[in-house]
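Residues 616 to 720 in my numbering are what the sequence shown lists, from first letter to last. Glycine included, each C-beta is placed from N, C-alpha and C at the ideal position. Heads up: the structure comes next, in structure tokens.
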Amino acid sequence: MKKIVGVFLFYFMFLIINCYADNYDDAMKAILAEKTVIHASWGPVKGSSLYVSVKDDGTNRDGFAQFLCLILTDYEIKGLIIHIMTPENLKNFNTDDDLGKFICE
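Listed below in structure tokens is the structure:
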């Protein structure tokens with residue numbers, strides 16, 4: 616029974632994510648259009664997290680992560696964690712040294 620429920624939930628999430636695929640693609644284009652963004656990628660599953668690399672200028676980037684959340688909200692994307700990091704940390708998905716972070720609800 617647990618297997619059936621697990622398979623159903625996975626399939627349901629897959630359907631929801633694919634229904635909003637255009638929103639995710641359009642939101643990513645908007646994020647990449649920001650001048651300070653070097654690279655961005657979704658987490659292992661679209662809608663779970665967003666990883667964005669920027670040049671480290673020594674400032675805290677929590678506010679920038681919050682700004683990116685506003686962009687995502689314009690595309691009806693919520694419920695994920697935004698990680699702002701250096702390009703090297705993004706390459707390794709190292710979130711231990713985030714420059715900024717925001718939970719976009």
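Residue span of the alpha helix (DSSP H) that contains residue i, given as start and end
i, result
"residue 682", "677-689"
"residue 559", "Residue 559 is absent from the structure shown; the chain starts at 616 and stops at 720."
Classification of residue i by the beta-carbon crowding that lies within 10 angstroms, buried from 16 upward
i, result
"residue 704", "buried"
"residue 713", "buried"
"residue 667", "buried"
"residue 718", "exposed"
"residue 683", "buried"
"residue 669", "buried"
"residue 695", "buried"
"residue 715", "buried"
"residue 664", "buried"
"residue 622", "Any reading at residue 622 needs caution, since the residue's pLDDT is 48, under 50, leaving its predicted position unreliable; the model's value is listed next. It is exposed - the Cβ of residue 622 has fewer than 16 other Cβ atoms within 10 Å."
"residue 661", "buried"
"residue 647", "exposed"
"residue 708", "exposed"
"residue 687", "buried"
Extent of the continuous beta strand (DSSP E) run through residue i
i, result
"residue 661", "Looking at the DSSP string, residue 661 is not in any beta strand (DSSP E), and its letter there is neither H nor E."
"residue 655", "652-657"
"residue 716", "715-719"
Nearest-angstrom beta carbon gap, residue j and residue i [assumed within contact, 8 Å]
i, j, result
"residue 699", "residue 676", "4 Å"
"residue 690", "residue 642", "4 Å"
DSSP-derived helix/strand/coil call for residue i
i, result
"residue 692", "coil"
"residue 630", "With a pLDDT of 49 at residue 630, under the threshold of 50, the modelled position of this residue cannot be trusted; read the value that follows with caution. Residue state, collapsed to three classes: helix."
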